[in-house]
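A quick write-up on the structure given underneath.
Number of protein chains: 2
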Amino acid sequence: MIRRIHHINFLVRDLDAAIDTYERLFGRPPDAREYLEERRVETARFKVGETWLVLVMPTDPDSVPGQHMQREGEGFFLISYEVDDAMGAAQTLVRRGIRVLDEVPRAGLEGWRLIDLDPDDTFDVVSQLTEET
Amino acid sequence: MIRRIHHINFLVRDLDAAIDTYERLFGRPPDAREYLEERRVETARFKVGETWLVLVMPTDPDSVPGQHMQREGEGFFLISYEVDDAMGAAQTLVRRGIRVLDEVPRAGLEGWRLIDLDPDDTFDVVSQLTEET
Numbered sequence: 274m275i276r277r278i279h280h281i282n283f284l285v286r287d288l289d290a291a292i293d294t295y296e297r298l299f300g301r302p303p304d305a306r307e308y309l310e311e312r313r314v315e316t317a318r319f320k321v322g323e324t325w326l327v328l329v330m331p332t333d334p335d336s337v338p339g340q341h342m343q344r345e346g347e348g349f350f351l352i353s354y355e356v357d358d359a360m361g362a363a364q365t366l367v368r369r370g371i372r373v374l375d376e377v378p379r380a381g382l383e384g385w386r387l388i389d390l391d392p393d394d395t396f397d398v399v400s401q402l403t404e405e406t
Numbered sequence: 274m275i276r277r278i279h280h281i282n283f284l285v286r287d288l289d290a291a292i293d294t295y296e297r298l299f300g301r302p303p304d305a306r307e308y309l310e311e312r313r314v315e316t317a318r319f320k321v322g323e324t325w326l327v328l329v330m331p332t333d334p335d336s337v338p339g340q341h342m343q344r345e346g347e348g349f350f351l352i353s354y355e356v357d358d359a360m361g362a363a364q365t366l367v368r369r370g371i372r373v374l375d376e377v378p379r380a381g382l383e384g385w386r387l388i389d390l391d392p393d394d395t396f397d398v399v400s401q402l403t404e405e406t
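Next up, the structure:
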């Protein structure tokens, strides 16, 4: 059901500084830089193999990513697993005893359809399903 | 130089409980379960697409992983990027202004050759290079 790690998000305070560093790490500029209104974040992303590494800078401290950064600082924010059918996969996980936070997918970058899992069920790792559209 | 995300490590307090959850998430048992003496950790890992997701339970609170868990609790521990030549890649990164913590690779699971980057240079994400042998 889960085919690959679709994306990993890191929270940063200064997106330009983070892009500069990750450009040196990967030896190339980001593949995309976008604002995501639904989360109120500026983002830049690099495709690393089959996975997107997404740098996320909250522009609103009261957004979900902004609150996470206030609580835990910069660093790892979440991991998202690719599935063909987010709602079907979520229902399967619920039957297996893993709770989900979203009844219907919410929109991510590029129209990704996202369903968050309950982090209490994944040992304090914010985890998510992504269906590409 | 960096070709893919080689592995991602999550720290857990109870490896059996974590394996049980991730088996339900991935719908299958781990690919391997091993003790790594160099780090004093019990591990279980799942191949997810091209990346290893490694659950890590410290058996010694004074080990590096044990200290990390004491300081920050369970959750994301580190991300490791695959390269063909860990020492050569580390030298390239140093020339680009990213500091590394190891002069020579240390041994990981399955003889992986690991070089840690300075987390001060990667926005509080513990990051690493892996060369498979």
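Those sequence lines, one after another, are chains A and B.
Per the working numbering, residue 274 is the first one in the first sequence, and the count goes up by one each step.
Per the working numbering, residue 274 is the first one in the second sequence, and the count goes up by one each step.
Just so it is clear, CB atoms sit at the ideal spot from N, CA and C, and this is done for glycine as well.
Computed from a predicted structure; not experimentally measured.
Helix, strand or coil: how does DSSP classify residue i here?
i: A/R368; result: helix
i: A/L351; result: strand
i: A/P334; result: coil
i: B/D375; result: coil
i: A/I275; result: coil
i: B/T316; result: strand
i: B/E307; result: strand
i: B/F396; result: coil
i: B/R297; result: helix
Taking Cβ to Cβ, would you say residue i is nearer than 8 Å to residue j?
i: B/D357; j: B/E404; result: yes
i: B/V327; j: B/H280; result: yes
i: B/P378; j: B/L387; result: yes
i: B/L284; j: B/E383; result: no
i: B/L374; j: B/N282; result: no
i: A/I371; j: B/I278; result: no
Would you mind sorting residue i into buried or exposed? The rule is 16 or more other CB atoms within 10 Å of its CB.
i: B/P338; result: buried
i: B/T395; result: buried
i: B/V367; result: exposed
How long is the line joining the alpha carbons of residue i and residue j, rounded to whole angstroms?
i: A/P303; j: A/E296; result: 7 Å
i: A/R313; j: A/H341; result: 13 Å
i: B/L288; j: B/R318; result: 11 Å
i: A/E376; j: A/G361; result: 11 Å
i: A/R344; j: A/R286; result: 13 Å
i: A/A359; j: A/T406; result: 11 Å
i: B/E307; j: A/D333; result: 43 Å
i: B/E311; j: B/D335; result: 12 Å
i: A/D393; j: A/S400; result: 10 Å
With distances taken Cα to Cα, identify the nearest neighbour of residue i among the options.
i: B/W385; options: B/L402, B/T395, B/P392 and B/F396; result: B/L402
i: A/E315; options: A/R277, A/E355 and A/A291; result: A/A291
i: B/L309; options: B/D293, B/P331, B/G300 and B/V321; result: B/P331
i: B/I275; options: B/F299, B/E355 and B/E376; result: B/E355
i: A/R369; options: B/R306, B/R277, B/D293 and B/S336; result: B/D293
i: A/G381; options: A/D397, A/S353 and A/R286; result: A/S353
i: B/A363; options: A/R277, A/F299, A/I278 and A/Q364; result: A/F299
i: B/K241; options: B/T365, B/S336, B/I371 and B/R301; result: Any question about residue 241 of chain B goes unanswered here, given that chain B covers just 274 to 406.
i: B/W325; options: B/V398, B/A305 and B/P334; result: B/A305
i: B/F438; options: B/E311, B/I371 and B/V398; result: With chain B covering only 274 through 406, there is no way to say anything about residue 438 of chain B.
**Message:** Using a Cβ-Cβ cutoff of 9 Å, what residues of the region 364-391 of chain B are near chain D? List them in chain order.
**Reply:** The displayed structure is made up of protein chains A and B, and chain D is not among them.
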